[in-house]
Structure formats: structure tokens, C-alpha cells
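Residues 201 to 336, numbered by the working numbering, are exactly what the sequence shown covers, in order. Ideal Cβ placement from N, Cα and C applies to all residues, glycine included.
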Amino acid sequence: YAKLTISLGELYTYSFQRSYLWNSLHEAEFGAGYWLSYQVVRMVADLYGGEPDKVMGLITSGGTESLMTAMRLYRNWGMVNRNHDIGQGVVLVCESIHAAVNKACIAYDLKIEIVPVDKLGKCDIPALKKAVGAWL
201 YAKLTISLGE LYTYSFQRSY LWNSLHEAEF GAGYWLSYQV VRMVADLYGG EPDKVMGLIT
261 SGGTESLMTA MRLYRNWGMV NRNHDIGQGV VLVCESIHAA VNKACIAYDL KIEIVPVDKL
321 GKCDIPALKK AVGAWL
């Protein structure tokens, strides 16, 4: 058992020394990640009846990264499809949002309109309608 522990320790040290400077999000350094992402997107497209060769997608690690990525893509979509300048995009959210949405609005220069929730934690629909009307 002691020899196995030493062997694993050596393996961990070797692995760390060889990979700690890698950026797993950079496809040139971590091509397997890009390939796995490609395969997952195709698999999900197939599961939902999409045509894998015509579907595009993106895999994130979840949580904050997913929200930050979605908000950045939303901003960029507005710039391309609605001719928005940076700072013109608006996000309407309930006050129960994940903190990463606020972080993304700051990082990507998006305006944020926070709508209250009711006693049950559900979005206040009249307040939402008012907020939507204010930005149309």
C-alpha cells in the first residue's frame, strides 16, 4: 500500500507539472475538450430531433460561466441583429436572479432592470409588464 501511495504521488506530481499551465478552454492546447464539446452538441441535437450538421452549440462548465457566456452572446446578438451599440442592451430580470447576471451586466455593459417578486417568490407580472413597456 505504501508503494502504491508513492506511485500515485509521483503520478500526480508528473501530471500537474505537465499540465498546470494549460488552458482547457483553448482548443489548440486542449483539443480533446473541443472534440468532446462538438460531440455533445451533435448528440443533443440528435436527441431533440435537430439535424446535427445544421445545429451549433456551446458547452460551458455551468453556473457563472454559463450565465456570463449567455449574456455576452445576448449583447453580441443585439449588436448584430438590432444594431445596438455597446451599452444599449437591456436585461429584464426578477430580483431572485443569480448574482452572475449582475456580474455579466457590469462586465458587458448591459442595462439591468430588476423586477420584484411576490410573497411566493414568483415574478410580479404587472411590474414585469410595466418594465417591458418602459423599454419598448
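For the options G321, E313, G233, the alpha carbon positioned closest to that of K329 is the one of E313. Counting along the chain, K311 sits inside the beta strand (DSSP E) bounded by residues 311-315. Linking L208 to F216 through their CA atoms gives a straight-line distance of about 12 Å.
In this structure, the straight-line span from the alpha carbon of M268 to that of Y214 is close to 33 Å. A331 and C323 have their C-alpha atoms roughly 12 Å apart.
The straight-line gap separating the alpha-carbon atoms of K311 and P326 is approximately 20 Å. In this structure G263 does not touch V244 by the C-beta definition: roughly 19 Å separates them, more than the 8 Å allowed. In the displayed model, V290 falls within a strand according to three-state DSSP. D309 is positioned such that its CB atom lies closer than 9 Å to that of G287.
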